[in-house]
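Novice: If you read the protein sequences in the order shown, they are chains A and B. Under the working numbering, think of the first position of the first sequence as 1, with each following residue one higher. Under the working numbering, think of the first position of the second sequence as 1, with each following residue one higher. Quick reminder that beta carbons are idealized off the backbone N, C-alpha and C, glycines included. Please read all numbers here as calculations on a predicted model, not as lab measurements.
There are 2 protein chains.
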Amino acid sequence: MAKKKLSIKDIAKTLGVSITTVSFILNGKAKEKRISEELTKKVQRYIKEVGYTPSHLAQSLRLGKSKVIVFMVEDISNQFFASIARLIEEKAYLNGYKIIYCSTENETAKAKELINTFKVRNVDGFIITPTPDLEESVKGLLDEGFGLVLFDRWMPDVLCSYVIVENEKSAFEATQHLIDRGCKKVALITVESHQIQMTDRLKGYQNAISQNQLSPYVFQVKFHNMAQGYDRILDFFSNNPGIDGVFFTTNYLAFEGLEAMGNLGIDVPGQVKVVSFDDHYFFNLYKPKITAIEQPLELIAEKLMEAILHQLDEAEMNSGPKQFILSNKLNIRESSTI
Amino acid sequence: MAKKKLSIKDIAKTLGVSITTVSFILNGKAKEKRISEELTKKVQRYIKEVGYTPSHLAQSLRLGKSKVIVFMVEDISNQFFASIARLIEEKAYLNGYKIIYCSTENETAKAKELINTFKVRNVDGFIITPTPDLEESVKGLLDEGFGLVLFDRWMPDVLCSYVIVENEKSAFEATQHLIDRGCKKVALITVESHQIQMTDRLKGYQNAISQNQLSPYVFQVKFHNMAQGYDRILDFFSNNPGIDGVFFTTNYLAFEGLEAMGNLGIDVPGQVKVVSFDDHYFFNLYKPKITAIEQPLELIAEKLMEAILHQLDEAEMNSGPKQFILSNKLNIRESSTI
DNA sequence: TTGAAAGCGTTACCAT
DNA sequence: ATGGTAACGCTTTCAA
Numbered sequence: 001m002a003k004k005k006l007s008i009k010d011i012a013k014t015l016g017v018s019i020t021t022v023s024f025i026l027n028g029k030a031k032e033k034r035i036s037e038e039l040t041k042k043v044q045r046y047i048k049e050v051g052y053t054p055s056h057l058a059q060s061l062r063l064g065k066s067k068v069i070v071f072m073v074e075d076i077s078n079q080f081f082a083s084i085a086r087l088i089e090e091k092a093y094l095n096g097y098k099i100i101y102c103s104t105e106n107e108t109a110k111a112k113e114l115i116n117t118f119k120v121r122n123v124d125g126f127i128i129t130p131t132p133d134l135e136e137s138v139k140g141l142l143d144e145g146f147g148l149v150l151f152d153r154w155m156p157d158v159l160c161s162y163v164i165v166e167n168e169k170s171a172f173e174a175t176q177h178l179i180d181r182g183c184k185k186v187a188l189i190t191v192e193s194h195q196i197q198m199t200d201r202l203k204g205y206q207n208a209i210s211q212n213q214l215s216p217y218v219f220q221v222k223f224h225n226m227a228q229g230y231d232r233i234l235d236f237f238s239n240n241p242g243i244d245g246v247f248f249t250t251n252y253l254a255f256e257g258l259e260a261m262g263n264l265g266i267d268v269p270g271q272v273k274v275v276s277f278d279d280h281y282f283f284n285l286y287k288p289k290i291t292a293i294e295q296p297l298e299l300i301a302e303k304l305m306e307a308i309l310h311q312l313d314e315a316e317m318n319s320g321p322k323q324f325i326l327s328n329k330l331n332i333r334e335s336s337t338i
Numbered sequence: 001m002a003k004k005k006l007s008i009k010d011i012a013k014t015l016g017v018s019i020t021t022v023s024f025i026l027n028g029k030a031k032e033k034r035i036s037e038e039l040t041k042k043v044q045r046y047i048k049e050v051g052y053t054p055s056h057l058a059q060s061l062r063l064g065k066s067k068v069i070v071f072m073v074e075d076i077s078n079q080f081f082a083s084i085a086r087l088i089e090e091k092a093y094l095n096g097y098k099i100i101y102c103s104t105e106n107e108t109a110k111a112k113e114l115i116n117t118f119k120v121r122n123v124d125g126f127i128i129t130p131t132p133d134l135e136e137s138v139k140g141l142l143d144e145g146f147g148l149v150l151f152d153r154w155m156p157d158v159l160c161s162y163v164i165v166e167n168e169k170s171a172f173e174a175t176q177h178l179i180d181r182g183c184k185k186v187a188l189i190t191v192e193s194h195q196i197q198m199t200d201r202l203k204g205y206q207n208a209i210s211q212n213q214l215s216p217y218v219f220q221v222k223f224h225n226m227a228q229g230y231d232r233i234l235d236f237f238s239n240n241p242g243i244d245g246v247f248f249t250t251n252y253l254a255f256e257g258l259e260a261m262g263n264l265g266i267d268v269p270g271q272v273k274v275v276s277f278d279d280h281y282f283f284n285l286y287k288p289k290i291t292a293i294e295q296p297l298e299l300i301a302e303k304l305m306e307a308i309l310h311q312l313d314e315a316e317m318n319s320g321p322k323q324f325i326l327s328n329k330l331n332i333r334e335s336s337t338i
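1. Output yes or no for whether 8 Å exceeds the beta carbon distance between residue 125 (chain A) and residue 69 (chain A).
2. Could you tell me whether the Cβ of residue 56 (chain A) comes closer than 8 Å to any Cβ of chain B?
3. Distance check for residue 129 (chain A) and residue 103 (chain B), CA to CA, integer angstroms please.
4. Where do the N-terminal and C-terminal ends of the alpha helix (DSSP H) with residue 203 (chain B) fall, by residue?
5. For residue 9 (chain B), which residues from the same chain have a beta carbon less than 8 Å from its beta carbon, with the 5 sequence-adjacent residues on both sides left out?
6. Can you give me, in chain order, the residues of the region 188 to 199 of chain A that have a beta carbon less than 9 Å from any beta carbon in chain B?
7. Quick one: what's got a C-beta closer than 6 Å to residue 339 (chain A)'s C-beta in the same chain, skipping five residues either side?
8. Does the separation of the CB atoms of residue 196 (chain A) and residue 253 (chain A) fall below 8 Å?
9. Taking the DSSP output, what are the residues bridged to residue 83 (chain B)?
10. Chain B partners of residue 122 (chain A), CB-CB under 8 Å?
11. Would you call the region 50 to 65 of chain A in contact with the region 74 to 89 of chain A, where contact means no fewer than 3 C-beta pairs closer than 8 Å?
12. List the residues that DSSP assigns as beta-bridge partners of residue 161 (chain B).
13. Is residue 174 (chain A) closer than 8 Å to residue 217 (chain A) when the C-beta atoms are compared?
14. Closer than 9 Å, Cβ to any Cβ of chain A: which residues of the region 79 to 96 of chain B, in chain order?
15. I'd like to know whether the C-beta of residue 231 (chain A) is nearer than 8 Å to at least one C-beta of chain B.
16. Please go through the same chain and pick out, in chain order, the residues whose beta-carbon is closer than 6 Å to the beta-carbon of residue 176 (chain B), but skip the five residues on each side of it.
17. For residue 309 (chain B), which option in B:179, B:12, B:149, B:180 has the closest C-alpha, if you only look at C-alpha atoms?
18. Looking at the strands, I want to know which residues DSSP matches up with residue 292 (chain B).
19. Using a 10 Å radius around the Cβ and a threshold of 16 neighbouring Cβ atoms, would you call residue 2 (chain B) buried or exposed?
20. Do you know how far the Cα of residue 212 (chain A) is from the Cα of residue 246 (chain A)?
21. Under a CB-based cut-off of 8 Å, is residue 23 (chain A) close to chain B?
22. Helix, strand or coil for residue 72 (chain B), going by three-state DSSP, please let me know.
23. Looking at chain A, is there any beta carbon in it that lies within less than 8 Å of the beta carbon of residue 75 (chain B)?
24. Throw me the rounded Cβ distance for the residue 47 (chain A) and residue 11 (chain A) pair, which I believe falls under 8 Å.
25. With DSSP run on the structure shown, which of helix, strand or coil describes residue 2 (chain A)?
26. Using a Cβ-Cβ distance under 8 Å, would residue 244 (chain A) count as near chain B?
27. Between residue 183 (chain B) and residue 329 (chain B), which are expected to be in contact by the criterion C-beta below 8 Å, what is the C-beta distance as a whole number of angstroms?
28. Could you confirm whether any beta carbon from chain B is found closer than 8 Å to the beta carbon of residue 335 (chain A)?
29. Does the beta-carbon distance from residue 300 (chain B) to residue 151 (chain B) come in below 8 Å?
30. Does DSSP put residue 311 (chain A) in a helix, a strand or coil?
31. Relative to the C-alpha of residue 160 (chain A), which residue among A:327, A:334, A:323, A:337 is closest?
32. With 16 other CB atoms within 10 Å as the buried threshold, where does residue 114 (chain B) fall?
33. Using a Cβ cut-off of 7 Å, pull out every chain A residue sitting near residue 160 (chain B), in sequence order please.
34. So residue 259 (chain A) and residue 230 (chain A) are in contact, right, with Cβ under 8 Å, and what is the actual spacing, rounded?
35. Can the beta-carbon of residue 248 (chain A) be found less than 8 Å from the beta-carbon of residue 257 (chain A)?
36. Taking the beta strand (DSSP E) that residue 19 (chain A) falls in, what are its first and last residues?
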């Protein structure tokens, strides 16, 4: 069984040439080193014949680069992150990179541990959705010369590459949309979080509310987990009659909120109009179809790879961070219109 | 910036001992090699102080093991696979393994290419949802001594470890359930696929139908993609009036089917009762809530890791494949009862 | 009880 | 034009 793996040494010996020669040919330096056309062909043919491929491990050790990028997100089983993962993966392979993923569960301790683990493992770069208080670790990464791109959230105190979306602007638009549709008491249901993507969405909501001389109704769900969320939102609606519009800042909050409203006999969109951040396949299936803000997944993935490859490219190493702020799209559906 | 990475050599030099000594201490062989308690402590203290960690790359090169497992599924952005991924990931890290993921899109060519890529990259093991006609590649992996566990599907012709669920049995139960609820014309909507997980589900359906002396109505959607699926299913219902029960073999078929039925004005469960394979968060949110077969995700992940670690464990290398066939659970909800 | 040195598979500098 | 060889960082055998 297991045909012993060939090494460059074996190739060289069999062909009666030196390792160096083989290595040069392998790395496309035959011309440069003026190795005869004939020998080059011969070596290449033999290599193809026996199906030899260099050991990436040895190359990594020698070159100090592993061609591995870590994709560290809040939760890889979350549809949004999984979709990005999928898109990134493709682009990474195309460029000879592998992706290792991991989930932080948005816990700072776990994120730090993960970062340390991978620093040690000679990965080349990190794509991270930072947890709270991760500034120091991230700076450390930068100092030590790792490639780094943040996404979904960024850190005002750290100068680095990132790919994010226009959270504030989209939240403003969503809220304004509800107001335009005649809502007078528009609530924001969000998670209790000081992370910037959430505070930006809050800001957008607040701006829209105050520009229209309305009163804000902000409800922040604490210690988010599915079951709790549902209960809290149920309470909120019970205690706040008269709400006629709701903007959910994440899709899972919306799912729970819709369930809660359904069980309270609240008619959507008749009594309450609804908009959610983060579009989802299911929003289009739900009755009524839910209006939602769609993030440009494909573009996010593309820019993420562009940024990380840029960082990893020796030639451009020092040309400064790449920062992308992408536009979302408001998909208007039944929940805010009928 | 970038404080130069320490090597074992640096440690040895600074402490004035040999590399060997440090290595032994590092690898817990201090006692065995009878290195003085005192020296051991001193070295350990220093290592901790400077935060030294061995290079995994060099270790891998030396030991021929990389502590990397490839998780190769049909589509990592699919909820089912993403959930498993998430669970696997945790368990892998706990055991010192990293996970690299990739999606085959169920294309044999892509799967083969991916397998080759990773073989070359010195990964230790593979967890694979095989595409059609992947037998040879899989056998190759086995021959070359890689760890291997199949899941979701298995290959009758290849003796190897796998983790699957009771597809036929659950399909039988689901169909029988519809019949018990009074359905007389029960349709099966499935994908056109010769892969065993799907043929097993078909078998289960057929058995239940024939045991109850009913007629089968099997509709196999070809060339599956979201948009097409919807259209085809729409046609099916238009052309087959009188169907009063449907069993969907995957959840995405169910989503499309439900949408199609909704648009045709078919009342679920009044006119048509519905059961789907692969439970989903949204089945519980949908109106009506959808009856579905739930695969034991947590258990699948657990057994997957158990099987792969078993394979990778030197000591037990030759103790034969581990094959798990797990039970599903039928979650009965409104779509098949009211 | 400790150390020297070979070897894992490469790359690339320096010779020839 | 081609080859010898040090180095990457580690483990482990053998010797002392």
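Specialist: Taking the geometry as given:
1. yes
2. yes
3. 22 Å
4. 196 to 211
5. 19
6. none
7. The question about residue 339 (chain A) has no answer, for chain A in this structure spans 1 to 338.
8. no
9. Answer is none; residue 83 (chain B) lacks a bridge partner.
10. 55, 56, 57
11. no
12. B:149
13. no
14. 79, 81, 82, 83, 84, 85, 86, 87, 89, 90, 93
15. no
16. 208
17. B:149
18. B:276, B:331
19. Annotation note: pLDDT 41 at residue 2 (chain B) (below 50); position unreliable, coordinate value reported separately. Exposed is the call here.
20. 16 Å
21. no
22. strand
23. yes
24. 6 Å
25. Because the pLDDT at residue 2 (chain A) is just 41, under 50, the model does not fix this residue reliably, and the point stays unresolved.
26. no
27. At roughly 21 Å, the Cβ-Cβ gap does not stay under 8 Å, so residue 183 (chain B) and residue 329 (chain B) are not in contact.
28. no
29. yes
30. helix
31. A:323
32. buried
33. None at all; the shortest Cβ gap to chain A is about 14 Å.
34. 6 Å
35. yes
36. Counting along the chain, residue 19 (chain A) falls outside any beta strand (DSSP E), though it belongs to the alpha helix (DSSP H) covering 19 to 26.
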